[in-house]
């Protein structure tokens, strides 16, 4: 048992395609190698994290048929107020494959959309804390030192609202492009109005990281301009990680059948700067 001081981290974004799932998996891997017990919650109905981390289709089918998924937990614990054995729902897998440590994974399915919609629209009072209530009922802060929630983008606001209420800190990845920057700025300025949270309280919970950055390109210069833009248009207290994550093919191949002998070491080297800064921001330095 871990005590009651575990931490919960959410990952969401304004646009899609910014690398949320890869970021969640890499954080899980690095935290586990750092000696921490890690839970990954796939809160995306497309199941990208589940498919990438678990890989065996037979296992996914078995767990779905047995109802051992996030959507069934929401229904049983929140709607039906039942007690469950949480360990029965977890799939432990090494990521990347072959590593000597495992991550616990709570898988998602397309049925999550129906269950979340039903709970959200039938429970108008305090519906924004549905995920928070679930995490407390499951006692994830006691069973795991770090819980990482991979959520869908802001186009379905329900998920982002619930993740913000349930997590201790949230990472918002974006690419160094004018489209990603403007959409992220609009999201950050809209969130305080719909999350029932003051702007500075929100700023204390979120951190932006530039992902898929092309080294040696004008994107490096643009990132400095974008930093000034966020500080001016959103808040001077907004956390923007000084470490960025480069665009490298090794990140897309890690954990897949296409992974090469050099990819793992390349990812370790390129991700370590951001990870060190993340540990300090998250209060996880030992």
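In our numbering, the protein residues as written are 44 to 329.
Glycine is no exception: its CB is placed at the ideal position from the N, C-alpha and C atoms.
- The Cβ atoms of residue 53 and residue 207 sit closer than 8 Å to each other.
- Following the DSSP letters along the chain, one finds residue 292 inside the alpha helix (DSSP H) bounded by residues 292–296.
- Taking the Cα of residue 211 as reference, the smallest distance to any Cα among 200, 246, 300 and 218 is reached at 246.
- In the structure shown, residue 194 falls within a strand segment according to DSSP collapsed to helix, strand and coil.
- Secondary structure at residue 317: helix, using DSSP grouped into helix, strand and coil.
- Residue 262 has its alpha-carbon roughly 42 Å from the corresponding atom of residue 107.
- By the Cβ rule, the segment 312–327 counts as touching the segment 62–80, because three or more pairs are nearer than 8 Å.
- According to the DSSP assignment, residue 80 belongs to no alpha helix (DSSP H), since it is labelled neither H nor E.
- Counting only residues of its own chain and dropping the five nearest sequence neighbours on each side, residue 204 has a CB closer than 7 Å to the CB of 171, 237 and 238.
- Of the residues assessed, residue 223 falls on the buried side of the cut-off, its CB having 16 or more other CB atoms within 10 angstroms.
- In this model, residue 241 and residue 280 are separated by some 13 Å (Cα to Cα).
- Excluding its 5 nearest sequence neighbours in each direction, residue 200 has C-beta neighbours in its own chain below 7 Å: 237, listed in chain order.
- Secondary structure note for residue 153: it is in no alpha helix (DSSP H), with a DSSP letter that is neither H nor E.
- Secondary-structure assignment with DSSP links residue 50 through a beta bridge to 189.
- If you ignore the 5 residues before and after residue 277, its C-beta comes within less than 7 Å of the C-beta of 228, 231 and 232, all in its own chain and listed in chain order.
- In this structure residue 215 is in contact with residue 55, their Cβ atoms being roughly 6 Å apart against a cut-off of 8 Å.
- Membership of residue 147 in the beta strand (DSSP E) is indicated by the continuous run 146–149.
- For the pair residue 298 and residue 97, the Cα-to-Cα distance works out to about 10 Å.
- Bridge partners of residue 136 according to DSSP: 146.
- By the Cβ criterion, the segment 113–130 is in contact with the segment 144–157, since at least three pairs of Cβ atoms, one from each stretch, lie closer than 8 Å.
- Nearest C-alpha to residue 62 among 260, 248, 287 and 173: 287.
- Out of 163, 209, 91 and 139, the CA that lies nearest to the CA of residue 118 is found in 163.
- The three-state reading of DSSP puts residue 224 in helix, counting H, G and I together.
- Around residue 187, the same chain offers 49, 80 and 82 as residues with beta carbons nearer than 6 Å, after the five sequence neighbours per side are excluded.
- In this chain, residue 281 is not harboured by any beta strand (DSSP E), its DSSP state being neither H nor E.
- Residue 68 is not a Cβ neighbour of residue 102, given a cutoff of 8 Å.
- Judged by beta-carbon spacing, residue 174 lies beyond the 8 Å limit of residue 141, meaning their Cβ atoms are not closer than that value.
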